[in-house]
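Working notes for the structure below.
There are 4 protein chains.
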Amino acid sequence: MPIEASNDTGGHRRIRLGMVGGGQGAFIGAVHRIAARIDDQFELVAGALASDPVRAKASAKELGIADDRAYGSFEEMARAEAARADGIEAVSIVTPNHMHSPVAKAFLDAGIHVICDKPLTTTVAEAEELVALVRKTGRIFVVTHNYTGYPMVRQARAMIANGELGEIRLVKVEYLQDWLTEPLESTGQKQAAWRTDPARSGAGGCIGDIGTHAYNLACFVTGLALDELLAQLSTFVEGRRLDDDVQILLRWKGGAKGMLWASQVAVGNENGLTLRVYGSKGGLEWAQENPNHLWFTPYGRPKQLLTRGGAGTLADAARVSRIPSGHPEGYLEGFATIYAEAARAIRAAQAGQKPDPEVIFPTVEDGLAGVQFIDAAVKSATSKGAWVRMT
Amino acid sequence: MPIEASNDTGGHRRIRLGMVGGGQGAFIGAVHRIAARIDDQFELVAGALASDPVRAKASAKELGIADDRAYGSFEEMARAEAARADGIEAVSIVTPNHMHSPVAKAFLDAGIHVICDKPLTTTVAEAEELVALVRKTGRIFVVTHNYTGYPMVRQARAMIANGELGEIRLVKVEYLQDWLTEPLESTGQKQAAWRTDPARSGAGGCIGDIGTHAYNLACFVTGLALDELLAQLSTFVEGRRLDDDVQILLRWKGGAKGMLWASQVAVGNENGLTLRVYGSKGGLEWAQENPNHLWFTPYGRPKQLLTRGGAGTLADAARVSRIPSGHPEGYLEGFATIYAEAARAIRAAQAGQKPDPEVIFPTVEDGLAGVQFIDAAVKSATSKGAWVRMT
Amino acid sequence: MPIEASNDTGGHRRIRLGMVGGGQGAFIGAVHRIAARIDDQFELVAGALASDPVRAKASAKELGIADDRAYGSFEEMARAEAARADGIEAVSIVTPNHMHSPVAKAFLDAGIHVICDKPLTTTVAEAEELVALVRKTGRIFVVTHNYTGYPMVRQARAMIANGELGEIRLVKVEYLQDWLTEPLESTGQKQAAWRTDPARSGAGGCIGDIGTHAYNLACFVTGLALDELLAQLSTFVEGRRLDDDVQILLRWKGGAKGMLWASQVAVGNENGLTLRVYGSKGGLEWAQENPNHLWFTPYGRPKQLLTRGGAGTLADAARVSRIPSGHPEGYLEGFATIYAEAARAIRAAQAGQKPDPEVIFPTVEDGLAGVQFIDAAVKSATSKGAWVRMT
Amino acid sequence: MPIEASNDTGGHRRIRLGMVGGGQGAFIGAVHRIAARIDDQFELVAGALASDPVRAKASAKELGIADDRAYGSFEEMARAEAARADGIEAVSIVTPNHMHSPVAKAFLDAGIHVICDKPLTTTVAEAEELVALVRKTGRIFVVTHNYTGYPMVRQARAMIANGELGEIRLVKVEYLQDWLTEPLESTGQKQAAWRTDPARSGAGGCIGDIGTHAYNLACFVTGLALDELLAQLSTFVEGRRLDDDVQILLRWKGGAKGMLWASQVAVGNENGLTLRVYGSKGGLEWAQENPNHLWFTPYGRPKQLLTRGGAGTLADAARVSRIPSGHPEGYLEGFATIYAEAARAIRAAQAGQKPDPEVIFPTVEDGLAGVQFIDAAVKSATSKGAWVRMT
């Protein structure tokens, strides 16, 4: 084995973590828990894991959370944990979207750092309120746009920042799935039910669930800000209450153009998040399903396949990589990097310091940008053919 | 070798062919000549190969065309060949776009069948005129949208026609190149010069050169007709007079949605024509650079990689395939199929019959559709944000 | 997200784990630690992390191991932990190869379950002794042939057991790396130094380090036993003391044939472990670098790309999968599955039960088979052209 | 389109070509005919297309061969054509293997150049006799190891000759098919029947049909000569009279090692000819089914995907390429290059000159090497475990 793995705690005490949502039957809660464990920076000690108190307690028991820290509501948990000497230092919010805002506010108000799933909120107003509250409280707020944790995504971002692509001209991002090809929500499947329900998901269906990931990824890697968009949102499955396909033309500040396509009815696609960026000097292509690879195509030279940990790896990618090239890291490792970055930021905050500039994570402002993006896309789609300017 | 190759003439006399354009320094003329030879259905016996008579004669000599059939102008050629007992039966038109219309008219008027490069003409009016003339003269008119000749494109079309995808929901087509990333036209490169010159290319640059191929492919495979489009056309290279990047939202009749992206500045892409179609029951994905493969993704079943000549090959694909699976057929073979189909249509016409229904080639009407597509896209792009309805 | 992730402890108390080896500068120790954490079945509470006591203590401190359980030698650790009421229940052995045997014996003798890196030992005699000792003590003994933990490897094994391939004819396994292309051991690189040193690695270099993984994988997936082998072992880098390339003809009991190729000088290969199996009715192909995919090629039907968690997933694969299809699991997750299986076996043993038959892990007997394989290959290679029969 | 296609005759008169074999129901004859047409260097004017005179005449008629040049036997054809002023200048031999030698001798004796399918003959003695006869007659003799005609194979050869890989260490070649997975020969399938019949194929089945292609490719690209081999030949299908799977260890002169695997029962493989070469400085990987790509992996630098006609193309590859990068050339084009090279060699011979040194084709000596390879492999396989030295 050529290189040496690491990412252990380095002797740090683990950060005490709570979780809201993520009880039995949930998907993303378990992902957050594994992610929090991988680099051994957190220990899960409290939870309000379900809206139903009985299920909440049962779920907590399964996770080894002590009975007295298995709460029936998030309000109770925020209050009680804030009052304990050994109370949680951070909370992970993994509820359906409509609960992100009230839960986040409760914990920020209690002085607890927040790690929150996306999209940040279901309305722009709520998101703006959270931004203000984060600024006021000075707490660390991390939005789990987890795809920014992949080493080759960091590599791409660094290469563009270094000018390897010249002036960016084209940014193309896709996020294709097929799990909503049929009316799954009508079968009682829990994930499908809330994700197609405006009351719990907000005004965006596919655009909120995965379109925001795609948008965040494009912004993160290119460093560009969006100027205007024009969207067509479709609902292909009869009776579905939110969009299941999203096609958007993009105009970036500075002159780049692009398209975003997100779909949950593109049959044969599992989790097909891909990004392609072309500039005046070169191009980059990345696909989430084989995340350890990154194509670099410098104009007039042979195409290069960069591999995680392989030749040409930059420091920003190497730092968030755990094992040698050829040993694939996956979704959970990328997600874990968000948690590892959060830990560094929290430790710095606890020490009264700013985090090291190399630490990168999606912020509450990035979360706001996602909600603004949903809002603009819905506006454009409902006024057929309108370019909508981003605020 | 498991199966048996064929596609020889089957004892037919070769069809006498002429060519306009395609002299020294041209690209597509040589392609047409190889394509015409592969299945041995044509012999090239006359030509007006260049606008400059001296170069025209020299080019003809190189191709073994007899001196008295090496013409200095297409008008002379049409007249003289029509007058010969052994005159050409068909002509291939491989000039820059602006010459397609006058040349085609001259030969149609002379009673000669036409095989014409795309886009059909530089204006809708000219294209409509040609459609009328073809109907009037009853001549065979083939537009070389050569990508329709690939066996796996035929396979995809047949599968969709058979209902394997259910109701079509999404049609996504891309055609990405990078050869105009820099201002190649200012270096004197001949191909770049005329393709970026409105006088010779028409109002569309990238959209005319490759966007029309992409559009034709999407229509051919899906059998859908376009209802409306909304386009953003860009010119990224300073000083360039036509678009070099095209991004279009599509609304198909019947409710399918889609996008078309064509670019000549997408660095790292050589000839990246890809088509993805998703329906209520399954999906298909095809990429020109490895044309012998076709992904079929029936919903809820494993993904299938169909191969040219492999298991699951339908008759429409098998008929235009020459060699067994695993022995790659390429661009020239696909192009040759257009010529082979043209030959069958011409022989049927000469016998006073309709061609066999299995014979498929892009017609003058398909050519008109391409010109209408360019026209609509340019209109949409110049009136920012307008959906333009196809006529 | 269509399916639900899990693999949390399910309420179990974590198993107390110790580690021998894996201190600062080691590679595989960190991998074991992450693997042990992912499914939350273990907590690391003791260690003899390095042969040098000072480095051992410093390494333990970094990992949050209490001072009094940071041992200077494995003998001391085995003794002391066995004496504690809260002593470790299992130990991970991640030292260079020559230490596996003495360390494993010490802990087995102390009644502690063992998770040991591969190859099991440096001689057949030592391996046989361990097999006997495991039988005598009744302790769980797991050899970390971690590639057997990948879900699609489990899928392949189950498909073959189900007869999907018919009678197996051909088994082809490769494990290609390039990190020893140059004499890295002479630069002081620690991994290269011990892996090319007969005193620490045993008689096999490349064959011991990665050839045994390849052999184990082939046996695990096919369920076949090897009858005879014929090997050519090469050392391409001047001055290297062990083989860096291994090419072996295989004859399996029952009539299947095959080849094994392992190399550490195959430039451009990172961790290229691939397996191909062909039978009378179908074939399977798997590659470690994209481990979530498995090709299934039933004879006379289209090729199928099976994906982890996708259509056609069997229970044996689904059980060891954490997240939905399209969300790549990688090397660490596969490794973690070995630990999760070990935990189930240990818990069953502690309850005086046999583990559930669905629990699968590489045993001490599998470890012995690997050492016998090295031995036979070295014998064949040193007697040019000899087929050597497996015992 | 960035570059210009060519490969037309350049004004040359076409070479008059005859064919022996290749009548109705044959596979490879049609391939030769298309290959001969693509670059317009030959015209087919005579044939003895089948052993049965009636079928021979009918086949000739279909191909447009004049009645008086449709022969009932090759002997008659050689005699008659040699006597004509406009007699054939070259003959293509596309019969089953056992006829290559008598047919080739007849035409060489008649002073006619020969293009002959592989393997050259069914015995070493016959092959040696042909070598002697070619030297004596001074005729051009081309063996259609067609895979040497692919541009990226030429590219690989040139890169190795230029030292880009350093000293060659490993040469791995595979040729996998599955069309004989079941006893196809017992169904009356003509290709399967003669290819599994020792009387018509010679002592090698799979090894003669495709193993010789693999061996030729490895030699051609690396420029190495084989020193010794050790083979295991298997027959997996009951009742089959020749081998259907071949696994060979290779030792090359100069110290490189390698393996050759050819199979006709590797289910799921269509025409999987792949070559991998690793040296002290870099590696190359090529696969026939996507022949326009070539991986180049310089040690310590990013992997490069070289494309036909793309950046880094060397003159030897560019010269035999017809169309721009991204426009795939396939099997027929590679085969056509063998014919185009043959034409240049024949024209030079007719002019009393040596062919230009850039002209490359597989010679009668290469054909002999292939027959020697079969012979050595059969010897090794029948004396279990013997290394056999190449002569």
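Chains as they are written, first to last, in numbering that gives the first Met the number 0: chain A, 0 to 390; chain B, 0 to 390; chain C, 0 to 390; chain D, 0 to 390.
From the three backbone atoms N, C-alpha and C, an ideal C-beta is built for every residue, glycine too.
Cβ distance (whole Å) where residue i is taken to contact residue j below 8 Å
i	j	result
C:VAL400	C:ASP355	For chain C, the structure presents residues 0 to 390; residue 400 of chain C sits outside this window and is missing.
D:HIS144	D:ASN215	4 Å
B:ASP242	B:MET389	About 19 Å; that fails the 8 Å criterion.
B:ALA202	B:ILE337	B:ALA202 to B:ILE337, Cβ: 26 Å. No contact.
B:LEU248	A:LEU248	7 Å
Residue closest to residue i, alpha-carbon to alpha-carbon, out of the options
i	options	result
B:GLY267	A:TYR298, A:GLN287, A:ARG240	A:TYR298
C:GLY325	A:PHE295, A:GLN371, A:GLN287, A:ALA47	A:GLN287
A:TYR149	A:ASP374, A:HIS292, A:GLN371	A:HIS292
B:ALA35	B:VAL90, B:PRO118, B:ASP365	B:VAL90
D:PHE73	D:ILE64, D:ALA82, D:ALA103, D:LEU367	D:ALA103
B:GLY222	B:MET158, B:ALA317, B:GLN352	B:MET158
D:LEU119	D:LEU367, D:ARG318, D:MET76	D:LEU367
B:SER279	B:THR136, B:GLU166, B:GLU269	B:GLU166
A:ALA255	B:VAL236, B:GLY257, B:LYS56	B:VAL236
Chain B contact for residue i (CB, 9 Å cutoff)
i	result
D:ARG15	no
C:THR143	no
C:THR306	yes
Cβ-based neighbour list, residue i, same chain, cut-off 6 Å, excluding 5 preceding and 5 following
i	result
A:ALA217	VAL170, VAL172
C:GLY308	SER320, PRO323, SER324
D:ALA198	none
D:ILE64	GLY46
D:GLY207	PRO118, SER200, GLY201, ILE373
D:THR234	ASP242, ASP243
D:ALA126	LEU119, THR120, LEU367, VAL370
Residue i at chain A interface by Cβ criterion, 9 Å
i	result
B:GLY210	no
D:GLN303	yes
D:GLY21	no
B:MET151	no
For residue i, the first and last residue of its enclosing beta strand (DSSP E)
i	result
B:TRP386	Neither: B:TRP386 is in no beta strand (DSSP E) and is coded neither H nor E.
D:GLY369	Not the beta strand (DSSP E): D:GLY369 falls in the alpha helix (DSSP H), residues 363-381.
D:GLN263	Run containing D:GLN263: none; DSSP gives neither H nor E here.
CB contact below 9 Å: residue i versus chain C
i	result
D:ASP244	yes
D:ARG250	yes
Interface flag, residue i vs chain D, CB-CB below 9 Å
i	result
B:THR186	no
A:ARG32	no
B:ASP365	no
Contacting residues, own chain, Cβ-Cβ under 7 Å from residue i (five flanking each side not counted)
i	result
B:TYR146	VAL152, HIS212, LEU216, LEU272, GLN287, GLY333
C:ILE87	ARG15, LEU16, GLY17, VAL44, ALA45, GLU80, ILE111
C:GLU364	VAL130
Distance cut-off 8 Å: residue i Cβ against heavy atoms of the ligand FMN
i	result
B:PRO327	This structure lacks the ligand FMN; in fact it carries no ligand of any kind.
Limits of the alpha helix (DSSP H) - the one that residue i falls within
i	result
B:PRO297	No alpha helix (DSSP H) holds B:PRO297; the beta strand (DSSP E) holding it covers 292-297.
A:LYS104	99-108
A:TYR330	330-349
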